Every structure is written in structure tokens, then in C-alpha cells.
Amino acid sequence: MTSDQNDLLRRARNRRPAPAPEHPAADSGPAPLSHAQQRMWLMDHLGQGGALYNVPIATRLRGPLDPQALATALTGLTERHAALRTRYPRHGDQPHQHIDPVRPVPLPLLDAPGDCVEQLATEAACPFDLTDGPVLRALLLRHAPEDHTLLLTIHHIAVDGGSLPVLAADLAELYTAARDGGRPQLPPPGMPYAEYARQERARDAELTAAADARAAHLAGARPLPLLRPVAPGTRDRSAALHAVPLPTATVEGLRALGARHGATLFAVVLAAAFATLRTAAGQDDLVLGCASGQRARPELRRTVGLGVNTLAVRAELAGEELFTEALALVRGALLEAQQHHQVPFDLVVERLGAAARGADGTPLLSASCDVVQPATGLALPGLDAEHVDVDLGLAKFDLTLVLEEGPEPRCLVQHDQAVLDRATAARLAETFAAVLRTVAEDAELPLADLPGELLVTAVRHPVLEALSADPGVADAAVLETPDGPPLAYAVVRGPVAPTGTDLRSRLRRSVPAAELPLAVTLVDRIPRGADGAVDRDRLPGAALPAPAGRPTGPLDLVRAAFGELLGSVPPADGDFFALGGHSLVAVQLAERLRTRVGLPLTGLDVLEHRTPRALAALLAVREEERRDALARTGTGTRPSGEPRTGTVLLTGATGGVGAAVLQELMAQGRPVRVLVRPESAHLPALHGAEIAEGDLADPDSLQRAVKGVDAVIHAACTFTDHEVDTAAMRALLDGWSGGPFVFVSSIDAYGRPADTDVAEGGPSGAPVTAYGQAKLDCERMLFETAEATGHGPAAVVRAPIVWGPHHRLRDQLRWGSTGELYQAALAGRPIVLPAPGGQGEWNGAAWVHSAALARALAACARPDGPAAGRIVNAVTGHVSWAEFSTELIRLLGSRSEVEQSPDADAELRRPWHYRAETLAAALRPEPGEDWRGVLAAMVG
Numbered sequence: 003m004t005s006d007q008n009d010l011l012r013r014a015r016n017r018r019p020a021p022a023p024e025h026p027a028a029d030s031g032p033a034p035l036s037h038a039q040q041r042m043w044l045m046d047h048l049g050q051g052g053a054l055y056n057v058p059i060a061t062r063l064r065g066p067l068d069p070q071a072l073a074t075a076l077t078g079l080t081e082r083h084a085a086l087r088t089r090y091p092r093h094g095d096q097p098h099q100h101i102d103p104v105r106p107v108p109l110p111l112l113d114a115p116g117d118c119v120e121q122l123a124t125e126a127a128c129p130f131d132l133t134d135g136p137v138l139r140a141l142l143l144r145h146a147p148e149d150h151t152l153l154l155t156i157h158h159i160a161v162d163g164g165s166l167p168v169l170a171a172d173l174a175e176l177y178t179a180a181r182d183g184g185r186p187q188l189p190p191p192g193m194p195y196a197e198y199a200r201q202e203r204a205r206d207a208e209l210t211a212a213a214d215a216r217a218a219h220l221a222g223a224r225p226l227p228l229l230r231p232v233a234p235g236t237r238d239r240s241a242a243l244h245a246v247p248l249p250t251a252t253v254e255g256l257r258a259l260g261a262r263h264g265a266t267l268f269a270v271v272l273a274a275a276f277a278t279l280r281t282a283a284g285q286d287d288l289v290l291g292c293a294s295g296q297r298a299r300p301e302l303r304r305t306v307g308l309g310v311n312t313l314a315v316r317a318e319l320a321g322e323e324l325f326t327e328a329l330a331l332v333r334g335a336l337l338e339a340q341q342h343h344q345v346p347f348d349l350v351v352e353r354l355g356a357a358a359r360g361a362d363g364t365p366l367l368s369a370s371c372d373v374v375q376p377a378t379g380l381a382l383p384g385l386d387a388e389h390v391d392v393d394l395g396l397a398k399f400d401l402t403l404v405l406e407e408g409p410e411p412r413c414l415v416q417h418d419q420a421v422l423d424r425a426t427a428a429r430l431a432e433t434f435a436a437v438l439r440t441v442a443e444d445a446e447l448p449l450a451d452l453p454g455e456l457l458v459t460a461v462r463h464p465v466l467e468a469l470s471a472d473p474g475v476a477d478a479a480v481l482e483t484p485d486g487p488p489l490a491y492a493v494v495r496g497p498v499a500p501t502g503t504d505l506r507s508r509l510r511r512s513v514p515a516a517e518l519p520l521a522v523t524l525v526d527r528i529p530r531g532a533d534g535a536v537d538r539d540r541l542p543g544a545a546l547p548a549p550a551g552r553p554t555g556p557l558d559l560v561r562a563a564f565g566e567l568l569g570s571v572p573p574a575d576g577d578f579f580a581l582g583g584h585s586l587v588a589v590q591l592a593e594r595l596r597t598r599v600g601l602p603l604t605g606l607d608v609l610e611h612r613t614p615r616a617l618a619a620l621l622a623v624r625e626e627e628r629r630d631a632l633a634r635t636g637t638g639t640r641p642s643g644e645p646r647t648g649t650v651l652l653t654g655a656t657g658g659v660g661a662a663v664l665q666e667l668m669a670q671g672r673p674v675r676v677l678v679r680p681e682s683a684h685l686p687a688l689h690g691a692e693i694a695e696g697d698l699a700d701p702d703s704l705q706r707a708v709k710g711v712d713a714v715i716h717a718a719c720t721f722t723d724h725e726v727d728t729a730a731m732r733a734l735l736d737g738w739s740g741g742p743f744v745f746v747s748s749i750d751a752y753g754r755p756a757d758t759d760v761a762e763g764g765p766s767g768a769p770v771t772a773y774g775q776a777k778l779d780c781e782r783m784l785f786e787t788a789e790a791t792g793h794g795p796a797a798v799v800r801a802p803i804v805w806g807p808h809h810r811l812r813d814q815l816r817w818g819s820t821g822e823l824y825q826a827a828l829a830g831r832p833i834v835l836p837a838p839g840g841q842g843e844w845n846g847a848a849w850v851h852s853a854a855l856a857r858a859l860a861a862c863a864r865p866d867g868p869a870a871g872r873i874v875n876a877v878t879g880h881v882s883w884a885e886f887s888t889e890l891i892r893l894l895g896s897r898s899e900v901e902q903s904p905d906a907d908a909e910l911r912r913p914w915h916y917r918a919e920t921l922a923a924a925l926r927p928e929p930g931e932d933w934r935g936v937l938a939a940m941v942g
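For the sequence shown, counting from 1, position 934 maps to 936 in the numbering used here; every step adds exactly one.
Structure below.
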């Protein structure tokens, strides 16, 4: 046995035995989030999630696929693994796991000739709503009768790499059973993830103490200087990937090298990554991250959930070591980190405080390393499966160095384009590949003799780089500001010198949006001191004192809130991170300040402004904005307490319909209270609306919001969670004390009527969708309550597809019945419409412009409204699918042709015209509200 193997055995024996796993405890209330989930939730809550943590799994399936059996299998998968039907609402300021009942998993089936890579990427990039769920989406594309692509998109909060083989195996067995009509033969599932989270949280005191030790181990470490700093909250995480092929012999050589030295292949690759980055960055002491699974316990091996942690591996290489010596050092550092694999990295970051970032804000752990296998498809019995790569183009780490094994090995370098340019990253990839090839052949070389070059130069702002490279610029200066975009100055030259506008326009082509100045100011010369440094005080606008009398905001109140959460009241310019703040504290601080000052503030605001003085100034600006908005609408300010007379409660104000209604109500000078989630509170607040923080899934918040108002327009809807929608209606009605109550329903409540001429409030025809049934249930509840209490008047406004310029409405154009036509036109495929089933049969869509719907709803929310006690329709017009498709083709410049077929999607067979006499006056189109005009705006 080698000394290295003895060392490994000694370390294993010295480990403290893990406590014996307990049987799952009885559910004692909502389960907390695990630490890994909490980090995911925070990123999403701070607006930094988006599609970054979407996990797309796409497989081309060739053969006789049974879509119904597949849909049944997907539903069975969510029944077996509760993490796939868990959502994450909040109670107070803490999120928790809420496991929904088993419901059928929708499996849309769309005809899609070709590879449809863009369509898959678009679907996979759609964000999830962690509060309302679901966290799993499925889409099936049909290329030919026996040729399909299945796309599953799951949020990372519900799965990790170790979950995917479990899901794949279970899905195959469930599909077989559903197809053959038998019972699935499945092994027992693993421990429920909710129980895993409870057990982890029960050890928080122990884990926090261990995190102190890990933080002490990382003390003094610095971020990788190769990466540019980026201001928080401004990143889109756009990734670039560089690949360098490797000979199979190289991987075999690396594996053999590890075997000779008692190290895994990953340890060898990690040592090579350290060696590569040490030379490239010119820094001996480095910290790299790697993923560590949490499935060592047998009962967790078949658990589906986020059971992964990030390990920070620190190694200091002087450059004189042989690579084999460096390997021993890195292997030891990796083993030492793995001893603490259960210590959540977010706790370590909390204990590090300000030391978790460099002076410029760059995270200490910004680079990672991994060894991966090529992705494989979901194998379903009786079908040929082929993995389909769906690249979302996003980077979780600033920089990742990877060895991909398989029949065609590759060296991969992925990077966030905001922190590293493509040319430097490409050179780094070539260097990493060269180091791997070299040590696979001869590992007895000093690190200094390995391939590589210093890639760090004096760091200059990208705006300064771009201006200095412009032939029309003789000199330039760029100055950073503490809480905004940089200031840019230029001295121009030449017979046709560029203007400041010209220069900023050129900057937009090469500089990340987050780095762009608001303007480029032209000066005769750049003032400099004796040392050549720019003299900031002599540049226009760079050192202006704060104007006398400018509001500084509630500084003492902000400092007090800092002190309550961080243990001591900080100075006015105390830095949030230096004071021990972290993401969760940022969310809590924002919520505490929102409650006390009644102004919108998010956790992201805290992370961006960081000091009490800057946050107080931000609150002062938002108070001014609110006063200005109130003054513009003529409503003036109001004392706190009961709402003003005539106040309308509006739900859904940040959605496409609600935003239009809010604008209409404010234009009419009517006081408005809006129900809105805290993180979105600043959107309606800037219109001068009163904010009632809450959520459809929080009945208490709904009853608080409706208290004392004189009218209600209920426009919010989850679209998918019908139990939440009906419970929200019940909560609003329980708190309703009178005045008009307008419910925004849908023509889906009519189902498929027997008569193609649909009268307002006419009978429903079977089948009615679950969404339509939820609307019917809410309508019934409203009218029953109005009759029983004498409150009112009550009105129901059934709306069709809503079109308008709001981004939420533009997104909806791309999905559903119109979405299939849009995707076909976008891809240049034939657009297949239903063949007429009888003489004069018409098929198409009813639609309403968002502004027209807003006028109609505002009219109904008056005591003498036109729809009192009735069900009415809000329809601007009807457009045939043929007209709609022809216009889409024109707007998109598509090569698609329109065809008619009896096999067209049955959802497109919509022959109904909906009458809308009651609201005709409010719905009368105003300039710009024709269907072609609004469609052009939405497509553009």
C-alpha cells in the first residue's frame, strides 16, 4: 500500500461517523428549504435567477411513441417524487416547501418539422414562478409520425445531477407500465426531500460552527484577478464556451497518473486547473470551486431533489514544484474540503462576511472545475433515444474549466462574457488543454515549465479601452461612481471629429450594457496630476457637492434597521457586506424598511447600494417620485391609515392586463390600492398607487388588502393553480365590505358552446377546461356572496385573448393557440389550419386590446357601472386564423405557407363569435388599437 493510500485510509478512519439515519418523522408543518434550496430561492427572489437555474433535458425519440402513456408516466413521476410538485411560498420573511396534490402533468404536442433548436431553447428559457409553481414543464414536438423530441425543463431547486439518472430510470418504467397497461416495477423511492431538508436544518447549530472553521481556512484568500469586476444586479450571465479536442490517450494518461499517486481523475484535472490559472493570473494562492453530492447515505441515493453543495478548495503553488508534487498538495486540499462536504457553502459565505468578496466586489469563489460525461438522452423502451443539446447560453460561475470524457474527449472553458473577453478565454482553453496533454505524458515537470502565459495586464475599464482604441479620440478618462453608471470623458480629434453621442453609440456595440456611461462628455483636455492620474475634481460633473437642501432620506431609521439585523448600528457609510450582511439579510432588511417607510425597496436594492446613506438617499428619491406621481394624477398625498374615499383595490397590477387597468384608473384620478408582491412593489408605486403587499396564496394578505376599499377589480390569476385561484376569491369575498366588485373572467368559461353566436352570459358547452371551470367557480362565489350579503354591485367581465404592448402580453402571443402559429411562422414551417367543416364555417380568435379592456373594467368598477349584476363580454373584435397567419408571415418575413387540413390542431377549431353589446362604448377602438397595429407592436 502506498503512502498516499495510507493517508487516504487514515483520513477515512479519523472521520467522525455520521449519525444513523432516522426514519422520516411525521410531518409537523411545512418543511423548511434546505440550504442549497435557500440559495436558489434567494437568487430568484433577488431577480438574479431567470433561466440560469433551468435544467433542460431534451431527447429525440424515434419509433412508435405513445404520447398518452408518456403523459401518464410524467404524472406518475411527480406522484413518486414530491420535489417535482413542490412550490415555495413564504410565511413571514421565510420561504417554505409546499407540496401540491398530484395533478396531471400537461404534455403539449406540437407539430414541428426539422430540428427546432430555437423553439426548444425558447421553451427551456421560460422562467419558473417558484412561489406558485410548477417547477416541471414538458413539451413534445412531433417531427413525423414516429419521430418526436421530448423536452423536460425542471428548475434546479427541485433536482441536481444525481437526481437525473433516478428520474430517467423511473420514467422508463412508468412509461412501459402505462403503455402496456401493467403495474410499474419500481424500487422503493428514497427519503422524501422535505425530510432531508428538516434533518439538515435540525443540524444548523453544528453546521454553523463548522462553517466558522471553513471560513477561517479561507481567510486571506483573494478572488481570481483574471476576471473583471461587475456591478451587482446588472449581469445577464451570458456565457461563451470554448472547446479543444483531446486525444483519448490523454485521458487514459491522466487516469493512469492518478492511479499511480492515489488520486482520482478529478483530482488530477483539478491540479491541472490550478497550475493553468496560477500562471494565467500570476497568483500563487487560489481558490476553486467544485460540486459535491450529498448522497452518501443509502436512503438518499434514490432521493430526487437538490442534494449538492459547493466546496471551496484552496491551494497555494509556488511554481517551483513538480506537477506530481502539486498533485499531492491539491489532492490533500480536496480531501480536506471533502471532509466538510455537508457544511453548506452559503453558511461559509455568511461567516466570511466582507471577505467573501474582493475590494472590487468580485466573489472569492468565482472559478470552478469539473469532470463530466457527455449527456445522454432519456431512454424509453421500444424507442431509439438521442440526446439533444439545449444550450441556454448562461454561466453559473464566472469561469469553469472542464474535462469532458467520452469517445471524443474535450477540454472546455465556459465563462461569463461580462468578466472575461472571448480572446483571453480562448487562449486559456488552449493552455488548459496543453497542460493536460503535457502532464499526461510527463508529470515530473516543474510547474514553471508547463505551457502557459500571464494573461493579466493592468486592468482598464472596458469603456476606457474602447474609447482609447477609437481613431477619433486623442485622450479619454473613465471614472467609477459609487451607485450608478461610470462617467466618461473624451478629447476628440480629426477634421470630422465624433460627437459625444457618436462615441456612446459606438460603445454600445462593444461594451456590456452594465458598463455603459449615460453619456460621453467632450472636453478640451483631460486634467491630470503630477503623477499622471486623472484629477477628478477638475472634470465637469465628477465632483459636484450635494446641493443644499437635497433630501438625504431617513438615514437614522435605515441605520437602526441595519443594527437590528446585523447586531450593531453602523456608521452612515458602513458597507453592508463588511458589516456581515448577505443575501437573506438583504431581503429581510428590504422588507423591514418597506414596512416602516411604506416605500418600495427590494433585496437587490440593498445589494446594489450597500450603505445606510445610499439606501436612505434611494428612499428619498422614491418618495419624491411618488409625490410627483400623485401630483400629476391630482390625488395629492394622504395620511396613513384608512384608504381615501373611492379607493379601488386592483389585483394583478404588474401583469399585462393589470398594468393597463392601473394606468387607466390613475389617468381618471381615482385612488388605487394594488395587491403586489414585495419584490415588484416599485412598479405600481411609481404611478402613485398605494401598495398592499401580498400574494394570491396568502389569504390574510388578501383580506388586509380589501379592507376598507370602495371597489374591487380582481384581475390576478395563477392560470395553473385553480385551488389557489378559488381560495383567493373566497378570501377577498370574506373581506369585502361593499361597493362594486369586478371579476376579470375568461371566455374559457363558455367551454365549447353549441351556438357559434355566443350571447353575453350564455350557457357553457362541454367540455370546459380546468381553467374555465375555475373561472366559473369564482363567478358563482361572487354572485352568491353578493346576494347573501347585499354587497355590490357585482360584475363579471369575460375576456378573450388580450393583446397589447406589455411584455407579459407579448410573451403570451408566443404560446397557446396563437403560439403554435407563431412558432411555425418563425421557423418558416407550413402553417396548418383547420379545413372548413361546413358552408361558411369560420375559425379564429376573439381578442381585446389591453387598453380597451382597462376602460371597460374601470367603467364597471363604479356603483352605476354598465355590467352591474351581470356576466358580460369584453371583446374588441374577431380575427380569422388565416388573416392572423398571413399577417404573422408578413411581420416576421417568414417563408411559411398557409395550408388547410382536417388533421390540424383541434384547438384551432374555434368558430365562435362573442357578443359584447354591454361594454361597446368603452371597448370602441381608439387610434392604434386595431389588431394589425397591436400585433406588429407585439411581434416587434
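Glycine residues also receive a C-beta, built at the ideal position from the N, C-alpha and C atoms.
The structure displayed is predicted, hence computed values, not measured ones.
Checklist entry - Looking only at its own chain, which residues have a Cβ that is under 7 angstroms from the Cβ of Gly648, when we skip the five neighbours before and after it? => result Your numbering for residue 648 matches position 646 in the sequence shown. By the criterion of a C-beta distance shorter than 7 angstroms, Gly648 is surrounded in its chain by Arg672, Pro673 and Asp712, once the five residues flanking it on both sides are discounted.
Checklist entry - In three-state DSSP terms, what is Arg15? => result Against the sequence shown, residue 15 aligns to sequence position 13. Reliability of the predicted coordinates at Arg15 is poor, the pLDDT of 36 falling under 50, and the value obtained from them is presented with this limitation in mind. Reduced to three states, the DSSP call for Arg15 is helix.
Item to check | Extent of the continuous beta strand (DSSP E) to which Gln665 belongs | outcome: Taking the first residue of the sequence shown as 1, we reach residue 665 at position 663. Not the beta strand (DSSP E): Gln665 falls in the alpha helix (DSSP H), residues Gly658 to Ala669.
Checklist entry - Of the choices Leu489, Leu677, Phe130 and Arg224, whose alpha-carbon is the least far from that of Ala140? => result Within the sequence shown, numbered from 1, the residue matching residue 140 stands at position 138. Considering only alpha carbons, the answer is Phe130.
Item to check | Spatially closest choice to Ala75 from Val104, Asp866, Arg62 and Arg89, by CA coordinates | outcome: Position 73 of the sequence shown, counting from 1, holds the residue named residue 75. Between Ala75 and the set Val104, Asp866, Arg62 and Arg89, the nearest pair of CA atoms involves Val104.
Item to check | Pairwise C-alpha distance: Arg615 and Pro110 | outcome: As a position in the sequence shown, residue 110 is number 108, starting the count at 1. As a position in the sequence shown, residue 615 is number 613, starting the count at 1. Cα-Cα distance, rounded: 52 angstroms.
Checklist entry - Within this structure, are the beta carbons of Leu603 and Gly582 separated by less than 8 angstroms? => result As a working mapping, residue 603 is identified with position 601 in the sequence shown. As a working mapping, residue 582 is identified with position 580 in the sequence shown. No, these two residues do not count as a Cβ contact at 8 angstroms.
Checklist entry - Going by beta carbon distance, what residues of the same chain come within less than 7 angstroms of Arg2, once the five residues before and after it are set aside? => result A question about residue 2 goes unanswered here, because the residues of the chain that appear run from 3 up to 942.
Checklist entry - In angstroms, rounded to a whole number, what distance separates the CA positions of Asp750 and Asp348? => result Position 748 of the sequence shown, counted from the start, is the residue given in the question as residue 750. Position 346 of the sequence shown, counted from the start, is the residue given in the question as residue 348. Rounded to the nearest whole angstrom, the CA to CA distance from Asp750 to Asp348 is 45 angstroms.
Item to check | Separation of Pro194 from Leu188, as counted between CA atoms | outcome: Residue 188 sits at position 186 when you count from the first residue of the sequence shown. Residue 194 sits at position 192 when you count from the first residue of the sequence shown. So the alpha carbons of these two residues sit roughly 16 angstroms apart.
Checklist entry - How many Å lie between Ala387 and Leu893 at the Cα? => result Residue 387 sits at position 385 when you count from the first residue of the sequence shown. Residue 893 sits at position 891 when you count from the first residue of the sequence shown. In this structure, the alpha-carbon of Ala387 lies about 37 angstroms from that of Leu893.
Item to check | Cys780, enclosing alpha helix (DSSP H) - first and last residue | outcome: Translated into the one-based positions of the sequence shown, residue 780 becomes position 778. First-last of the alpha helix (DSSP H) with Cys780: Ala772 to Thr791.
Item to check | Residue range of the unbroken beta strand (DSSP E) whose run includes Ala479 | outcome: Within the sequence shown, residue 479 is the residue found at index 477, counting from 1. Start and end: Val475 to Leu481.
Checklist entry - Smallest Cα separation from Leu313: which of Asp905, Cys371, Ala733 and Gln70? => result Numbered from its first residue, the sequence shown carries residue 313 at position 311. Taking Leu313 as reference, the option from Asp905, Cys371, Ala733 and Gln70 with the minimal CA-CA separation is Cys371.
Item to check | Beta-carbon proximity check, Gly260 vs Ala269, cutoff 8 angstroms | outcome: Here residue 260 is taken as the residue at index 258 of the sequence shown, counted from 1. Here residue 269 is taken as the residue at index 267 of the sequence shown, counted from 1. The beta carbons of Gly260 and Ala269 sit closer together than 8 angstroms.
Checklist entry - With Thr523 and Asp577 assumed to form a contact (beta carbons below 8 angstroms), what rounded beta-carbon distance in angstroms separates them? => result On the sequence shown, residue 523 is found 521 positions in, with the first residue counted as 1. On the sequence shown, residue 577 is found 575 positions in, with the first residue counted as 1. In fact, because the Cβ distance is near 29 angstroms, the residues do not count as touching under 8 angstroms.
Checklist entry - Do the CB positions of Pro832 and Glu885 come within less than 8 angstroms of each other? => result Start at 1 with the first residue of the sequence shown, and residue 832 comes out as number 830. Start at 1 with the first residue of the sequence shown, and residue 885 comes out as number 883. No, the pair does not count as a contact, with Cβ atoms beyond the cut-off.
Next on the checklist: Rounded to the nearest angstrom, what separates Ser882 and Ala33 at their Cα positions?
Outcome noted: Stepping through the sequence shown from its first residue, residue 882 is reached at position 880. Stepping through the sequence shown from its first residue, residue 33 is reached at position 31. Take the alpha-carbon of Ser882 and the one of Ala33: they are about 50 angstroms apart.
Checklist entry - For the 8 angstroms Cβ check, are there 3 or more pairs between the stretch 649 to 656 and the stretch 690 to 710? => result Short answer: they touch.
Item to check | His915 versus Val877: straight-line alpha-carbon distance, rounded | outcome: The residue labelled residue 915 in the question sits at position 913 within the sequence shown. The residue labelled residue 877 in the question sits at position 875 within the sequence shown. Cα to Cα, the separation comes out at about 9 angstroms.
Next on the checklist: Using the three-state DSSP reduction, which class does Trp849 fall into: helix, strand or coil?
Outcome noted: Working through the sequence shown from its first residue, we reach residue 849 at position 847. Note: Trp849 maps to strand in three-state DSSP.
Next on the checklist: Tell me the DSSP secondary structure of Gly384 in three-state form.
Outcome noted: The sequence position of residue 384 within the sequence shown is 382, counting from 1. Coil at Gly384, not helix or strand.
Checklist entry - Roughly how many angstroms separate the alpha carbons of His263 and Val437, rounded to a whole number? => result Taking the sequence shown and counting its residues from 1, one reaches residue 263 at position 261. Taking the sequence shown and counting its residues from 1, one reaches residue 437 at position 435. Looking at the two C-alpha atoms, the distance is approximately 18 angstroms.
Checklist entry - Per DSSP, Ile156 forms a beta bridge with which residues? => result Stepping through the sequence shown from its first residue, residue 156 is reached at position 154. BP columns for Ile156 point to Val57 and Leu138.
Next on the checklist: Using 8 angstroms as the threshold, is the C-beta distance between Thr281 and Glu432 below it?
Outcome noted: The residue labelled residue 281 in the question sits at position 279 within the sequence shown. The residue labelled residue 432 in the question sits at position 430 within the sequence shown. Cβ distance not < 8 angstroms, so Thr281 and Glu432 don't count as in contact.
Item to check | Spatial neighbours of Pro514 in its chain, beta-carbon cut-off 6 angstroms, leaving aside the 5 residues before and after | outcome: Residue 514 sits at position 512 when you count from the first residue of the sequence shown. By the criterion of a C-beta distance shorter than 6 angstroms, Pro514 is surrounded in its chain by Ala420, once the five residues flanking it on both sides are discounted.
Checklist entry - Taking Leu290 as the reference, which of Ala369, Asn845, Gln775 and Thr133 has the closest Cα? => result Locating residue 290 in the sequence shown gives position 288, counting from the first residue. Closest by alpha carbon: Ala369.
Item to check | Those runs of the alpha helix (DSSP H) which lie wholly inside the stretch 722 to 751 and span at least 4 residues | outcome: If we require 4 residues or more, the alpha helix (DSSP H) runs fully inside the stretch 722 to 751 come out as 724 to 737.
Checklist entry - For the putative contact between Pro769 and Gly753, defined by C-beta atoms under 8 angstroms, what is the C-beta separation to the nearest angstrom? => result Your numbering for residue 769 matches position 767 in the sequence shown. Your numbering for residue 753 matches position 751 in the sequence shown. Confirmed, Cβ separation roughly 6 angstroms.
Next on the checklist: If contact is defined by three or more beta carbon pairs under 8 angstroms, each pair taking one atom from either stretch, is the stretch 756 to 768 in contact with the stretch 910 to 924?
Outcome noted: Two segments are said to touch when three or more pairs of C-beta atoms, one from each, lie closer than 8 angstroms; by this definition the stretch 910 to 924 touches the stretch 756 to 768.
Checklist entry - Going by DSSP, what residues sit across from Asp117 in a beta bridge? => result On the sequence shown, position 115 is the one that residue 117 refers to. In the DSSP output, where bridge partners are listed per residue, Asp117 has none listed.
Next on the checklist: If I follow the unbroken alpha helix (DSSP H) through Thr597, where does it start and stop?
Outcome noted: Against the sequence shown, residue 597 aligns to sequence position 595. Ser585 to Val599 is the extent of the alpha helix (DSSP H) around Thr597.
Checklist entry - Does the stretch 87 to 96 come within contact of the stretch 163 to 181, defined as at least 3 CB pairs closer than 8 angstroms? => result Too few Cβ pairs lie closer than 8 angstroms, so no.
Next on the checklist: From the DSSP secondary-structure annotation, give me the bridge partner or partners of Asp418.
Outcome noted: Counting from 1 along the sequence shown, the entry for residue 418 is found at position 416. DSSP links Asp418 through a beta bridge to Ala241.
Checklist entry - Out of curiosity, what's the CA-to-CA distance linking Ala160 and Glu125? => result As a working note, residue 160 is residue 158 in the sequence shown. As a working note, residue 125 is residue 123 in the sequence shown. The alpha-carbon atoms of Ala160 and Glu125 are separated by roughly 18 angstroms.
Next on the checklist: Under DSSP, the beta strand (DSSP E) around Ile873 begins and ends at which residues?
Outcome noted: What you label residue 873 is simply residue 871 of the sequence shown in a count that begins at 1. It spans Ile873 to Asn875 - the beta strand (DSSP E) in which Ile873 sits, taken as one unbroken run.
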